[in-house]
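Remarks on the structure that follows.
Residue numbers (this note's numbering): 4 to 422.
Written as structure tokens, this is what we have:
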């Protein structure tokens, strides 16, 4: 088998050399977590060339509602306009570059620069700029926009002038995500973490459950992730059959699509598949990903009962989601520097659910708060280990780390194909 992704066309000899240094079937060499030139190349080839998850349409339900997002040195305003269309603008006045807002979220009648009071409509057009000379062409001084797409209540944006086609991702994600009702959900809780680890280490951890048996005692009770096909005893096969029978659903959008143990395969470097959606089984006795397996909130979206397992969504490089019938939990990554990653974990429930009446944070949060924090601790320990001069990449498990290897191949392909 070829050691590296199918093509290597990067014009940067340093990057070509790094990509070539990875041995097939092994973890990445130390330089991939320490090289500043590589980190800059990642910014252009991955973070600014593809689609980034930004947030939810339910965060900005009315015209004038906005939230802001920081990606490296860029700050963006995601704003719902008077025409109900959601747009993403650079949070920069087109006069002298002043930040238009320092608020994380809010609602505006117009965007007014605090420096000289240049005023922009909720569609980003320059409307008012008193004190300027006559004849100024305001039509050329609107806010700088970045490309944005929405999909089943999820918002994605791209800095690229010609980003990858979004439609294939929409066709894959939307059918399974629509029943969750993200567009009419509400955020019950959100927690920000600054994880002292390179962003790739966080994805590497996510792409395997080799570590789950010891490190995620709550998680493994509810899911079949640790049971790869080669490890299915007769008893486990019977448990899977029972779970499949219990989860039978005539609604195709709620049908279980990943019908075996282990993780569904993702990503696909050869075909540049950076998105995936599937429904997986919950173990017997579990209706939801909660500590006791019972529902912790009202049914979301168009669910009629607890059948449907867990919806799993993934989009590289910065988003994954586990959604049960009654709540959804999303994880959103943004790199801060070589050795730090901002992670936001968000819990969503039905829009009409009321805290204390319909759900409590004491029951809603622990399952994924515990699982997430267990992972962040592991990632930080790996980062400290790969910092060591003694670190050398070890062999990956063919049985348990196939998706980790797939992620590394996807990542190397992105580096290689950027000119």
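Every residue gets a Cβ at the ideal spot worked out from N, C-alpha and C, and that includes glycine. None of the values given here were measured: they were computed from a predicted structure.
Cβ atoms of residue 179 and residue 314 come within 8 Å of each other, at about 6 Å.
Taking a contact as a CB-CB distance under 8 Å, the pair residue 399 and residue 408 counts as one, their CB atoms being some 5 Å apart. For residue 333 and residue 375, the gap between their C-alpha atoms comes out near 11 Å. Linking residue 27 to residue 273 through their CA atoms gives a straight-line distance of about 15 Å. The region 140-157 makes no contact with the region 34-47; the number of CB pairs closer than 8 Å stays below 3.
Assignment of beta strand (DSSP E) within the region 85-118, counting only whole runs of 3 or more residues, yields 89-93 and 108-110 in chain order.
About 5 Å separates the Cβ atoms of residue 91 and residue 79, confirming a contact at the 8 Å cut-off. Taking 8 Å as the cut-off, the Cβ atoms of residue 337 and residue 321 count as close. As DSSP reads the structure, residue 173 sits in no beta bridge. Around the Cβ of residue 183, a 10 Å sphere holds 16 or more other Cβ atoms; the residue is buried. The beta carbon of residue 256 sits closer than 7 Å to the beta carbons of 178, 179, 181 and 182 from its chain, once the five residues preceding and following it are set aside; these are given in chain order. Three or more Cβ pairs closer than 8 Å define a contact, and the region 351-362 falls short of that threshold against the region 205-217.
With contacts defined by Cβ atoms closer than 8 Å, residue 193 and residue 421 do not form a contacting pair.
In the three-state reduction of the DSSP assignment, residue 370 falls in the helix class. Between the alpha carbons of residue 163 and residue 286 lies a gap of roughly 42 Å.
Cβ neighbours of residue 296 within its own chain (closer than 7 Å, five residues either side excluded): 225, 288, 289 and 290. For residue 241, no beta strand (DSSP E) segment is defined; the enclosing uninterrupted segment is the alpha helix (DSSP H) at 237-249. The alpha helix (DSSP H) runs lying completely inside the region 124-183 and spanning 4 residues or more are 170-180, given in chain order. The beta carbon of residue 145 sits closer than 6 Å to those of 127, 128 and 129, all from its chain and outside the five residues before and after it, given in chain order. Shown here for residue 187: same chain residues with a beta carbon closer than 6 Å to its own, the five before and five after excluded, namely 354 in chain order.
Excluding five sequence positions before and after residue 153, the CB atoms of its chain that fall closer than 7 Å to its own CB belong to 60 and 89, given in chain order.
Counting every other CB atom within 10 Å of its CB across the protein chains shown gives residue 401 a total below 16, marking it as exposed.
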